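Count the sequence shown with the working numbering and you get residues 26 to 187, in order. Single-structure report; data block below.
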Amino acid sequence: MLDQPIIEAEKKWAQLVVTNAKSILIRNKKVASGKLINSVRYRVEPNGKIKFLYAADGKWVTQGRKRYPGRGVNPKGKFVASLKNWVKAKGIRGRGKDGRFISNQSLAYLIARGINKKGIKPLPFMKMATKAAIKQLPKILKPVVSKAARQKVLKDIRLIKP
Numbered sequence: 026m027l028d029q030p031i032i033e034a035e036k037k038w039a040q041l042v043v044t045n046a047k048s049i050l051i052r053n054k055k056v057a058s059g060k061l062i063n064s065v066r067y068r069v070e071p072n073g074k075i076k077f078l079y080a081a082d083g084k085w086v087t088q089g090r091k092r093y094p095g096r097g098v099n100p101k102g103k104f105v106a107s108l109k110n111w112v113k114a115k116g117i118r119g120r121g122k123d124g125r126f127i128s129n130q131s132l133a134y135l136i137a138r139g140i141n142k143k144g145i146k147p148l149p150f151m152k153m154a155t156k157a158a159i160k161q162l163p164k165i166l167k168p169v170v171s172k173a174a175r176q177k178v179l180k181d182i183r184l185i186k187p
């Protein structure tokens with residue numbers, strides 16, 4: 026179990042990572058409904074281990090999606106259904122050849138077909154955020170660790186009776 030000041034310093038650093046991750050998502054225009062960006066958070070355990078958490082949608086942003094140019098798209102499948110919800114959340118409206126609006130289902134199918142052809146480029150936003158914040162870690166931890174070490178040494182000296 027770590028001392029409380031060290032855990033507080035870790036929390037400060039973890040908050041910096043979360044802030045960086047959110048700004049990376051915004052900068053790269055990966056905000057549709059706000060579900061992913063609002064779900065990015067951290068948890069510091071008593072042993073000092075930091076866990077970063079985010080919604081399941083983050084998997085597709087982090088890993089991207091491979092191209093499957095030869096494979097068709099199931100219009101009633103899960104992928105098209107999730108894209109339909111995304112289209113609805115974004116408020117995107119598509120138009121057909123005649124200029125009239127098409128349904129969200131049709132638009133989601135067309136987007137799914139485009140993703141199958143081109144794929145989605147991955148954006149490992151948590152890895153990027155951690156890499157950017159790791160430079161700040163010594164600056165945050167150094168004063169806290171040195172103070173904790175000094176207090177421990179003084180406590181140990183007091184325990185030794187001459």
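The C-beta atom is built at its ideal place from N, Cα and C for all residues, glycine as well. Bear in mind that the values here come from a model prediction, so they are computed numbers and not experimental data.
Rounded to whole angstroms, the Cβ separation of A154 and K115 is 24 Å, and the two are not in contact under 8 Å.
The C-alpha of K172 is placed about 12 Å away from the C-alpha of K180. If you keep only unbroken alpha helix (DSSP H) runs of at least 4 residues inside the segment 54-78, you get 60-64. With respect to the 9 Å criterion, V65 and L41 are not classified as neighbours on the basis of their beta carbons.
Inside the segment 70-141, DSSP marks whole beta strand (DSSP E) runs of 3 or more residues at positions 75-78, from first to last along the chain. In the DSSP assignment, I145 forms a beta bridge with R90. Judged by DSSP in its simplified three-state form, D181 adopts helix.
According to the DSSP assignment, I32 belongs to the alpha helix (DSSP H) that extends over Q29 to R52.
Each of I75, K47 and R52 was checked against the Cα of K60, and the nearest Cα belongs to K47.
The count of Cβ pairs closer than 8 Å, one atom from the segment 141-160 and one from the segment 87-98, reaches three, so the stretches are in contact.
Two segments are said to touch when three or more pairs of C-beta atoms, one from each, lie closer than 8 Å; by this definition the segment 99-112 does not touch the segment 160-174. For G83, the CB contacts under 7 Å within the same chain, skipping 5 residues up- and downstream, are L61 in chain order.
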